[in-house]
Amino acid sequence: MSDPPKGPRVILEDDQPQIAPRLDFGWDQAVVPVVPPNPPSRWSGFGRAAAGVVVLGLGLGALEAANFTAAQFTRGAVQGWLTLGVVVAGFGLIASAGWAELRGLLSIRAVDRARAAFARGDLEAARSEALRWAGGMAEAAPLQPALRQVGSIAELRALLEAGPLAGLETQANALGRAAAVQAFAVTAISPSPGLDALVFAWRGVRLVRQVAALHGLRPGLAGTVALLRRTVFDAAAVAATDIAVDAAARALLSNKLLEQFAGEAAAGALAARRMLRLARVAAEACRITPPR
Amino acid sequence: MASLTDPLGLLRDAAMGAEQLGRGLLGQERIRLAVTGLTRAGKTVFLTSLLANLLAAGQGRRTLPALEAAAGGRLRGVRLVPAGIESLPRFDVAAHLAALAADPPAWPGRTEDLSTLELTLEVERRSWLGGLLGSRSITLELLDYPGEWLLDLPMLSQDFAEWSAATLQRLRRGPRAEAARDFLAFVDALPAGTPDDEALARRGFILYRDALRHCRDRLGLRFLQPGRVLNPGPRGEAPILWFFPLPHPEGSGLAMLLARRHAAYVADQRDNFFEPYFRRFQRQAVLVDVLGALHAGQEAFEDTAEALAAIAAALRYGGSWLDRLTGAGVDRAAFVATKADHVPGRQRDALAALLGALVAAPQNRAEGAGAATAVHAIAAIRCTEDDVVTLEGRPVAAVRGVLLRDGRSARIYPGEVPLRPPEPGFWDHGFFEMPEFQPPRLDAQGVSGVPHLGLDSLLAWLIGDLL
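Note that the protein sequences, when read in sequence, are chains V and U. When we follow the working numbering, the leftmost residue of the first sequence carries the number 1, and every step to the right adds one. When we follow the working numbering, the leftmost residue of the second sequence carries the number 1001, and every step to the right adds one.
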C-alpha cells in the first residue's frame, strides 16, 4: 500500500458556482427541544357519561321547549310569543354562560402563547401578545407605544416587569395578605378541622380568581380549575415543608400544654402562610412572562 | 502560588476561599473559568460559541447534549448577569454573533483589550429535600484578552538581564535570526555602557518590534515577548514599552534605562492583568491551534510547545499546603485542540493525541499540583463537512467548506495528522496556511446557539461535576 499524499492541499471545485451558498447543518431543527408527545386525548368513561347527560338535558330540553312553544302558538299568538321569549331568554343565558367559560379558558391559553413566545425568543410574537394584553389592562395601556419600540426580548420583558407586572405583583400580595388574615382568624375560631379545610378551600379558590382578574383574566369555572391545576404542584411543595416543620415542632415540645398551644398557633400560621404562597403562585401562573 | 512572603496575597486567598465555601453552602457557587490560549488560538470564537450555546441550552434547546446529560437534565435556565459597575468592557457576544451571521460574514478581529462576562446557570438540586430550598445558581466568570499578553507571564519571574539573555538566545535560533537580522546587528553593535540616548532606545525598539511582528505574521511563531509590543491594547504604544533585550544588560546608561522600563512593564502587567484575573481560578481551558502550528513548520510547532510550557510554569496551579489551606488551586485543566473541523472526522483523534504530546510538560505540571487533566479536540463553530478527494490516484479523506475570501466552495486535504511530534521528514512540504472558511448559516440572534464539534463534551468535563 502506498503512503498517503504528503502535505495539505486546497482543491477548488470548478463545477460549483463561483459564489457557493453557506453550509447549512440544519442546526436550528437539530436542537429543537424534544417534547414528549402528547398522549392521544381520549374521553374517559366519566367524561362521555357527563357529555351524554348534558346533550340529553340540553337537547331534550330544547326539543321539548320547541314543541311546547309550537303548541302555545296553536293556542294563541300572545301565548306563543310569550313562551318563545321565555325560551330564548333561558337558553340565551345558558349560551352566554358557556361563552364566558370559553373566553376564560382562551384568555389562559393566550398567557401560554405569550410565555412560549418569550421562552423561544420570538420578539414579534411576544410583542404582539404583550400589546394585546396591555390593550385590555388599565395599568399597562400607557405602555403600548414603548412596547412597539423595543428592540429585543430582554427589553420587552424588562419593560413589562418593571412597570405593570410589578404593580400587579404588589396588588396580588395585598390580596394574599387579606386572605391570610381571614384564614388565620377562621382557623382560630372554627370548631372542627373539617370546617377549616372547607373554608380554606373556598377562600383559596376565591383568591386565585381575584389574582387572575387582576391580570386581566376572567376565569369561569373551567378557567379556575385550569389555574388551580397549575398552582397545585407548587402548593403541594409548600404543604410538604409545612408538614415537616409541624412534625419537628411537635417532636421538640413534649409538654402537653405547650404542645396544644403550639399546635393551634402553628395551624393558624400555616393556613396564613399557605394563602400568601398561593397568592404568589397564582400571580406567577397568570403572568404573561415566563418565570425567571 | 501562595507564599508566606506575601501575607496580603495569602489573606486575600483565605478570604476568597472562605467566600467560596460560604457560596457553596448556600448553593450560590462562583466559578472562574480561565480560557488561556496563544494568539489566534480562537479564544474569542470559543467564548462566543460557549455563551451562545449555553444561553440556548437554558432556553431548552439541545445545543449541549453532553452537558445536559452531565447535569442530569436539571439545567433550568441560563442568563447573562446584568451589568454592574465593572470598569472593564463587557464581552459583546451579540455583536460577534451578528458579525458571524452577516452577509458577508466576518470572524472576530484580533482581540485588542480585556472584556468580561458572567453567566448564571440555574440548576435544580439533586435531592427532593434539597429541592425545597430552591434551585442553585452557579455563576460562571469568563474573560477575553489579547493572546499575546499571556506570553508576558514567564517575564514576571525574570529580571532584565535574565530576560535579555533568554530572549536573545531564542532570537538567534533558526528562522528567527533571519527575521531579526537588522535588530541583532543593531544591538550587537552597542558596546557595554552605551549612554541612555533616547534616539538609540527608540531605534532599537522599532527594530525589535518589527522583528517580532515578522516572526508572528510570517513565521507563525508565538513565543514573542513582551506581548504588548505586538498588541499594545487600547492605550496604544507608551514609553513603558520602549525596551528591548541587550547583550550587555548590566551597568548604567542605556542598559539601566531599558531595565527600568522592563521592571515598570512587568509590574504593570502583574498589577493590572495577571493578579486580578489569573491569580485564582478553579477551571482552565488551554486552547491550542495545533493544526496551525503543524502547518507553519517545525520551528513554529516547537515554539508553540515551548510557549505553552513557559506559560504553564508561570501559572498558579496551587498544590502547596498553603494553597490547600486557603482553598486555592485548579481542580481541572483541559487542553483543547481548536479548529478540529479543519480535519476529517477520522483524524480528530490523531489531533487530540498530537496535542497530548505537545502539552506533555504543562499537563505534567497541572497533574503534579493535583489537578485533573484531559485533552479534547473541538471546533467552537463548525465550518466544514467531511468529504473525499482523489489525490495521486487514491481517495483520501478531506473536508469541504466555503472559503471566506471569495465565497467559493473548496475541498481541503489537510495532510496526515501524526499521532506524536513528527519526524524531520514530515516538514519537507513547507509552510501551508489553512484558508479561512465562512461560518455556516447562523441565526443572528443566536436563539438556537451555533453548530460546534465537541464543545458539549468539553464543558461536561470542565464544569459538569458542579451542576
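Yeah, the Cβ is synthetic: ideal placement off N, Cα and C, and Gly gets one too.
Could you tell me which residues DSSP puts in a beta bridge with residue i?
i: His-1376 (chain U); result: U:Val-1336
i: Ile-11 (chain V); result: U:Arg-1411
i: Glu-1122 (chain U); result: U:Gly-1077, U:Ser-1137
i: Ile-1031 (chain U); result: U:Leu-1140
i: Phe-1437 (chain U); result: U:Leu-1403
i: Leu-1117 (chain U); result: U:Leu-1142
i: Gly-1037 (chain U); result: U:Leu-1287
i: Arg-1090 (chain U); result: U:Thr-1116
Just the chain U side, please: which residues come within less than 9 Å of residue i by C-beta, in chain order?
i: Gln-144 (chain V); result: Here the premise fails: no neighbours, minimum Cβ distance about 24 Å.
i: Gly-151 (chain V); result: In chain order: nothing, as chain U lies at least about 11 Å away.
i: Gly-163 (chain V); result: Within chain U, no residue comes near Gly-163 (chain V); the closest Cβ sits about 17 Å away, beyond 9 Å.
i: Asp-24 (chain V); result: Pro-1440, Arg-1441
Tell me which residue opens and which closes the beta strand (DSSP E) that residue i is part of.
i: Gln-1284 (chain U); result: 1283-1288
i: Arg-1202 (chain U); result: It is not in any beta strand (DSSP E) - Arg-1202 (chain U) instead sits in the alpha helix (DSSP H) that spans 1198-1217.
i: Arg-1411 (chain U); result: 1409-1413
i: Pro-1395 (chain U); result: 1394-1402
i: Arg-132 (chain V); result: From DSSP, Arg-132 (chain V) is part of no beta strand (DSSP E) but of the alpha helix (DSSP H) over 123-135.
i: Asp-1386 (chain U); result: 1385-1391
Hey, quick one: how far does the alpha helix (DSSP H) through residue i stretch, first residue to last?
i: Arg-1136 (chain U); result: Arg-1136 (chain U) -> not in any alpha helix (DSSP H); beta strand (DSSP E) instead, spanning 1136-1144.
i: Ala-180 (chain V); result: 164-189
i: Thr-1304 (chain U); result: 1298-1314
i: Ile-108 (chain V); result: 77-120
i: Thr-1111 (chain U); result: First-last for Thr-1111 (chain U): undefined, no H or E at that position.
i: Phe-1278 (chain U); result: 1275-1278
i: Gly-294 (chain V); result: Since the displayed chain V opens at 1 and closes at 292, residue 294 (chain V) lies outside it and no answer follows.
i: Ile-1463 (chain U); result: 1455-1463
i: Asp-1341 (chain U); result: Premise fails: Asp-1341 (chain U) is in no alpha helix (DSSP H) and is neither H nor E.
i: Phe-1183 (chain U); result: 1181-1188
i: Ser-1164 (chain U); result: 1160-1171
i: Pro-1451 (chain U); result: That residue, Pro-1451 (chain U), is in no alpha helix (DSSP H); it is neither H nor E in DSSP.
i: Leu-988 (chain U); result: Absent from the structure is residue 988 (chain U), since the part of chain U shown begins at 1001 and ends at 1467.
i: Arg-1349 (chain U); result: In the sequence on display, residue 1349 (chain U) carries Asp and not Arg. 1348-1358 is the extent of the alpha helix (DSSP H) around Asp-1349 (chain U).
i: Glu-1148 (chain U); result: 1147-1150
i: Ile-1262 (chain U); result: First, the residue type needs correcting, since residue 1262 (chain U) is His and not Ile in the sequence shown. Counting along the chain, the alpha helix (DSSP H) containing His-1262 (chain U) begins and ends at 1254-1269.
Kindly list, in the order they appear in chain V, the residues whose Cβ is closer than 7 Å to that of residue i.
i: Tyr-1145 (chain U); result: Result: empty, since nearest Cβ-Cβ is about 26 Å, beyond 7 Å.
i: Ala-1471 (chain U); result: Because chain U here runs from 1001 to 1467, residue 1471 (chain U) falls outside it and cannot be looked at.
i: Val-1389 (chain U); result: Ile-11
i: Gln-1445 (chain U); result: Gly-121
Could you work out which residues of chain V lie near residue i, taking near to mean beta carbons separated by less than 8 Å?
i: Tyr-1063 (chain U); result: Note that residue 1063 (chain U) is Thr in the sequence shown, not Tyr. Going along chain V in sequence order, the residues near Thr-1063 (chain U) (Cβ under 8 Å) are Val-31.
i: Pro-1435 (chain U); result: Val-10
i: Arg-1173 (chain U); result: Neighbours of Arg-1173 (chain U) on chain V: none; closest Cβ ~25 Å, over 8 Å.
i: Arg-1382 (chain U); result: Phe-25
i: His-1295 (chain U); result: Pro-8
i: Glu-1385 (chain U); result: Leu-23, Phe-25
Under 7 Å Cβ-Cβ, which residues of chain U neighbour residue i?
i: Trp-27 (chain V); result: Ser-1448, Pro-1451
Could you name the residues of chain U that residue i contacts, counting a contact when the two beta carbons are closer than 8 Å?
i: Ala-20 (chain V); result: Val-1402, Gly-1407, Arg-1408, Ser-1409
- Give a yes or no on contact between the region 1177-1197 of chain U and the region 1251-1262 of chain U, applying the rule of three or more CB pairs nearer than 8 Å. yes
- Name, going along the chain, the residues of the region 1135-1161 of chain U whose beta-carbon falls closer than 8 Å to a beta-carbon of chain V. Hits within the stretch: zero.
- Task: Residues of the region 88-120 of chain V with a CB closer than 9 Å to any CB of chain U: list them in chain order, please.
- Result: Ala-119, Arg-120
- Item | chain V contacts made by the region 1037-1068 of chain U, where a contact means CB separation under 8 Å | For the region 1037-1068 of chain U, the residues whose beta carbon sits under 8 Å from a beta carbon of chain V are, in order, Ala-1056, Gln-1059, Gly-1060, Arg-1061, Arg-1062, Thr-1063.
- Contact the region 1331-1349 of chain U vs the region 1444-1464 of chain U: 3+ CB pairs below 8 Å: Touching, yes, given that three or more Cβ pairs across the two stretches are closer than 8 Å.
- Message: I'd like to know if the region 1104-1118 of chain U and the region 1060-1070 of chain U are in contact, where contact means that at least 3 CB-CB pairs between them fall below 8 Å.
- Response: Touching, no, given that fewer than three Cβ pairs across the two stretches are closer than 8 Å.
- Quick check: the region 1433-1442 of chain U against the region 1097-1104 of chain U, are there 3 or more CB pairs under 8 Å? yes
- Task: Pair every Cβ in the region 1271-1289 of chain U with every Cβ in the region 1039-1054 of chain U, then say whether three or more of these pairs are closer than 8 Å.
- Result: yes
- Message: Measuring CB atoms only, is the region 1259-1273 of chain U touching the region 1235-1251 of chain U, in the sense that at least three cross pairs come out at less than 8 Å?
- Response: yes
- Query: For the 8 Å Cβ check, are there 3 or more pairs between the region 1410-1423 of chain U and the region 1291-1302 of chain U?
  - Reply: yes
- Could you tell me whether the region 1078-1097 of chain U touches the region 1112-1125 of chain U, where touching means 3 or more Cβ pairs closer than 8 Å? yes
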